[in-house]
Amino acid sequence: MAAARTEQGGGGLSLCLASAGAVKALSLAAFTLVWTHSIEKVDWQEDWHVTPAGLELAQARVKGTGAGMEPPPEARLIDGWFVWKPKRPPMPEVVLGNSGAAGEWRLCADGQCRTLSAILGHPVGANVTAMRVCDQ
38 MAAARTEQGG
48 GGLSLCLASA
58 GAVKALSLAA
68 FTLVWTHSIE
78 KVDWQEDWHV
88 TPAGLELAQA
98 RVKGTGAGME
108 PPPEARLIDG
118 WFVWKPKRPP
128 MPEVVLGNSG
138 AAGEWRLCAD
148 GQCRTLSAIL
158 GHPVGANVTA
168 MRVCDQ
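Start counting at 1 in the sequence shown, then tack on 37, and there's your number in my numbering.
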């Protein structure tokens with residue numbers, strides 16, 4: 038990724054987002070990615086950690102079941118959410134698509150949720166957004 042503007046202070050690792058020519062670095066160690074399922078109209082949430090090995094998916098939650106969003110057998114129903122820990126290694130990059138049918142991806146950290154368009158400073162629209170640990 039190209040040079041990025043950093044939002045929020047602090048040291049350590051940063052999350053870089055890139056979409057439609059814009060690159061933004063967020064100084065954070067963990068975040069929740071939220072979106073609304075396009076058919077079932079319920080939220081799906083994933084908790085991520087920014088690590089030297091890449092982006093690590095720590096936990097996933099879905100509020101309901103239905104078309105293409107069946108939780109795995111190990112999921113447990115907790116406060117109305119099916120919750121589980123996905124078994125996958127850290128990823129160097131996560132690419133987010135946007136069909137436009139269910140609203141926008143939201144990134145939550147430090148008690149605040151914002152759309153990717155708000156974070157990047159322009160409408161993301163149907164463009165993909167790549168997430169990765171920023172180059173040090």
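The beta-carbon is built from N, C-alpha and C at its ideal position, and this holds for glycine as well.
Three-state class that DSSP yields for residue i in the structure shown
{"i": "L144", "result": "strand"}
{"i": "L50", "result": "coil"}
{"i": "S64", "result": "coil"}
{"i": "A59", "result": "strand"}
{"i": "A155", "result": "helix"}
Residue burial classification, residue i (beta-carbon count within 10 angstroms, cutoff 16)
{"i": "V165", "result": "exposed"}
{"i": "E130", "result": "exposed"}
{"i": "A59", "result": "buried"}
{"i": "A163", "result": "exposed"}
{"i": "V99", "result": "buried"}
{"i": "K122", "result": "exposed"}
{"i": "A95", "result": "exposed"}
{"i": "K61", "result": "buried"}
Below-8 Å beta-carbon distance, residue i vs any chain B residue
{"i": "L63", "result": "Of the protein chains in the structure, only one exists, and it is not chain B."}
Supposed contact pair residue j and residue i - C-beta distance, whole angstroms, cut 8 Å
{"i": "C145", "j": "L52", "result": "Wrong, their Cβ atoms sit about 12 Å apart, outside the cutoff."}
{"i": "T102", "j": "P108", "result": "7 Å"}
{"i": "V161", "j": "S56", "result": "5 Å"}
(request) List in chain order: all unbroken beta strand (DSSP E) runs of 3+ residues lying wholly within the stretch 77-104. (result) Taking only runs of at least 3 residues, the beta strand (DSSP E) segments lying wholly in the stretch 77-104 are 80-88 and 91-99.
(request) Evaluate the contact criterion for the stretch 114-121 versus the stretch 149-161: three or more CB pairs, one atom per stretch, below 8 Å. (result) They do not touch, by the three-pair rule.
(request) Please determine if the stretch 85-95 and the stretch 119-128 are in contact, where contact requires at least 3 C-beta pairs separated by less than 8 Å. (result) Output reads yes: the stretch 119-128 touches the stretch 85-95.
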